[in-house]
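Visitor:
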Amino acid sequence: MEDCVFCKIARGEKESYKIYEDDDVVAFLDAHPLSEGHTLVLPKKHYENIYDIPDELLCKVHGVAKKIALKIKDTFNPKGVIILQNTGEKAGQSVFHFHVHVKPVYDDTVVLCDSPHRSGQSDEEMRTTWEKLKE
104 MEDCVFCKIA
114 RGEKESYKIY
124 EDDDVVAFLD
134 AHPLSEGHTL
144 VLPKKHYENI
154 YDIPDELLCK
164 VHGVAKKIAL
174 KIKDTFNPKG
184 VIILQNTGEK
194 AGQSVFHFHV
204 HVKPVYDDTV
214 VLCDSPHRSG
224 QSDEEMRTTW
234 EKLKE
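With the working numbering, the residue at position 11 of the sequence shown is 114, and numbering never jumps.
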């Protein structure tokens, strides 16, 4: 896509701090990181979201995300790592080119999922959802 910032980075038209690149996948430091080492991993070819990316390429992107997570672990020794992918604006996707976040978590990292925002479901609600989703 011509105007996609991630496509421009993948093509080398926009500057970034690339830390991994092969024929299909590129990884670079997030310009607005949660923490030191926060990296974005994405296919070079444009796919808008999880619904569009081919399974084989999805697996390759996640394989690279694991390599990056291990490198971050060896380099910075974080307390943990968040591997995250957002699909859709309401889910927090702000750049509509499929990408995976590798976010190291340190003692001082604020992790929003630590907040008490989850709701419970009754057994009946769980059973109804399960019936709809099971194969």
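The beta carbon of each residue, even a glycine, is placed where N, CA and C say it ideally should be.
This one's a predicted model, so the numbers in the text were calculated from it and none came from an experiment.
#1: Can you name the residues that DSSP bridges to tyrosine 123?
#2: Please classify isoleucine 186: does DSSP put it in a helix, a strand, or coil?
#3: Could you round the C-beta distance between phenylalanine 109 and valine 198 to whole angstroms and report it? I think they count as a contact, below 8 Å.
#4: Check each candidate in Lys237, Leu137, Tyr123, His135 and name the one with the smallest Cα separation from isoleucine 171.
#5: Within 10 angstroms of the Cβ of histidine 200, are there 16 or more other Cβ atoms? Answer buried if so, exposed if not.
#6: Hey, does glycine 183 have any beta-carbon neighbour from chain C nearer than 7 Å?
#7: For isoleucine 156, I'd like the list of residues in its chain whose CB is within less than 6 Å of its CB, leaving aside the five on either flank, ordered along the chain.
#8: How would you label leucine 166, buried or exposed, when you count the other beta carbons within 10 angstroms and need 16 or more for buried?
#9: What residue ranges within the region 141 to 211 form continuous beta strand (DSSP E) runs of no fewer than 3 residues, ordered along the chain?
#10: Just to confirm my understanding: we take cysteine 60, look at its own chain, exclude 5 residues before and 5 after, and list those with CB closer than 7 Å. What are they?
#11: What is the DSSP secondary structure of cysteine 107, counted as helix, strand or coil?
#12: Ignore the nearest five residues each way along the sequence and tell me which others in lysine 181's own chain have a CB closer than 6 Å to its CB.
Guide: The answer reads as follows:
#1: In the sequence shown, counting from the first residue as 1, residue 123 sits at position 20. For tyrosine 123, which the question treats as bridged, DSSP gives the partners Ala130.
#2: Walking along the sequence shown from the start, residue 186 turns up at place 83. If DSSP states are grouped into helix, strand and coil, isoleucine 186 belongs with the strands.
#3: Within the sequence shown, residue 109 is the residue found at index 6, counting from 1. Within the sequence shown, residue 198 is the residue found at index 95, counting from 1. Rounded, the Cβ-Cβ distance is 6 Å, consistent with contact.
#4: Taking the first residue of the sequence shown as 1, we reach residue 171 at position 68. When only C-alpha atoms are compared, the closest one is Tyr123.
#5: Sequence index remark: in the sequence shown, residue 200 carries index 97 (1-based). Histidine 200 comes out buried.
#6: Absence of chain C from the displayed structure is noted, only one protein chain being present.
#7: Residue numbering aside, residue 156 sits at position 53 when the sequence shown is read from its first letter. Taken in chain order, the residues that qualify are Tyr150, Phe201.
#8: Position 63 of the sequence shown, counted from the first residue, corresponds to residue 166. First, the amino acid is wrong: residue 166 is glycine here, not leucine. That one is exposed.
#9: 142 to 146, 183 to 187, 203 to 208
#10: The requested residue 60 is not part of the displayed model; the chain covers only 104 to 238.
#11: The count along the sequence shown starts at 1 and reaches residue 107 at position 4. In this structure, cysteine 107 counts as coil in the three-state DSSP scheme.
#12: The count along the sequence shown starts at 1 and reaches residue 181 at position 78. With the sequence shown as reference, residue 181 is identified as proline, and lysine is not the correct amino acid for it. The residues are Pro207, Val208, Tyr209.
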